[in-house]
Every structure is written in structure tokens, then in C-alpha cells.
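Numbering (the UniProt record's numbering), first residue to last: 1 to 106.
Ideal Cβ placement from N, Cα and C applies to all residues, glycine included.
Since the structure is predicted, the reported quantities are computational estimates derived from the model, not experimental observations.
Have a look at the structure below before the remarks.
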């Protein structure tokens, strides 16, 4: 069994995408990371203000979402944040929420 040293502190969330075969991780160290399936680090975010508590790939593997205390980011598959950031000062976003993407068929 292989063990990866992914974060300083606990890893709080992990998500894998079967389309692009990439893995996301987020942790208590306030960073999110993008990995390939061999355990090679492809992207390391800068330290955010709060731990990364939620993350989720879009089904097509082109983008993913990252959640932290009252903040939600959309990132491309390389890990780079897209220009829009969602913040909430009320209870519409909270640390324990689950992020997800849904496919709408028309």
C-alpha cells in the first residue's frame, strides 16, 4: 500500500474524476491540490483564509468547485481559480455544505 503525504494536518475532502483521472484534495492547511493518478502533484493553491471543507469535480472534468468558510470558488482543471468568487455573509454558504454538479438533459 502506498501512502501519500498530501497536506500539513488533516485531509478533509478528496474527489476523483473518472474522465480526466485527476484527484482533488483539500485540508486543514487551507490549501487545495490537484494530483494525477500516480500521486504526482500538479497544482498547489496558495493558502486560503480558512480550511478547505468542500470540493467537487464537474462530471466532464473541465472544472471543479472549492468551498471554504462562506466562500465558493470555481476552478479550471489545472487548479487556477476562475474570475468569479461567491461569498455569503448570511447562512447560505456554510463550512459543512456539500458541493456537487448536476447534469441537466434537455
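If you check the beta carbons only, do residue i and residue j fall under 7 Å apart?
i          : j          : result
residue 43 : residue 9  : no
residue 26 : residue 12 : yes
residue 22 : residue 14 : no
How would you write the range of the beta strand (DSSP E) that residue i sits in, first residue to last?
i          : result
residue 23 : 22-27
residue 19 : First-last for residue 19: undefined, no H or E at that position.
Spatial neighbours of residue i within its chain, please: CB distance less than 7 Å, with the 5 preceding and 5 following residues excluded, ordered by chain position.
i           : result
residue 105 : Bear in mind that a pLDDT of 45 at residue 105, under 50, signals an unreliable position, so the number given afterwards is only what the model happens to contain. Around residue 105: no qualifying Cβ.
residue 51  : 12, 27, 28, 30 and 68
residue 74  : 63, 65, 82 and 84
Using a Cβ-Cβ cutoff of less than 6 Å, which residues in the same chain neighbour residue i once the five nearest sequence positions on both sides are dropped?
i          : result
residue 96 : Below a pLDDT of 50, predicted positions are generally treated as unreliable, and residue 96, at 41, falls in that range; no measurement from the model is reported.
residue 7  : 27 and 29
residue 17 : 57 and 61
residue 37 : 21
residue 45 : 31 and 32
residue 48 : 30 and 68
For residue i, I'd like the list of residues in its chain whose CB is within less than 8 Å of its CB, leaving aside the five on either flank, ordered along the chain.
i           : result
residue 102 : In this prediction, residue 102 scores a pLDDT of 48, lower than 50, which makes its location untrustworthy; the coordinate-derived value is nonetheless stated afterwards. There are no such residues.
Sequence ranges, beta strand (DSSP E) only - wholly within the stretch 34-88, length at least 3: 41-44, 54-57, 63-68, 71-76 and 81-87
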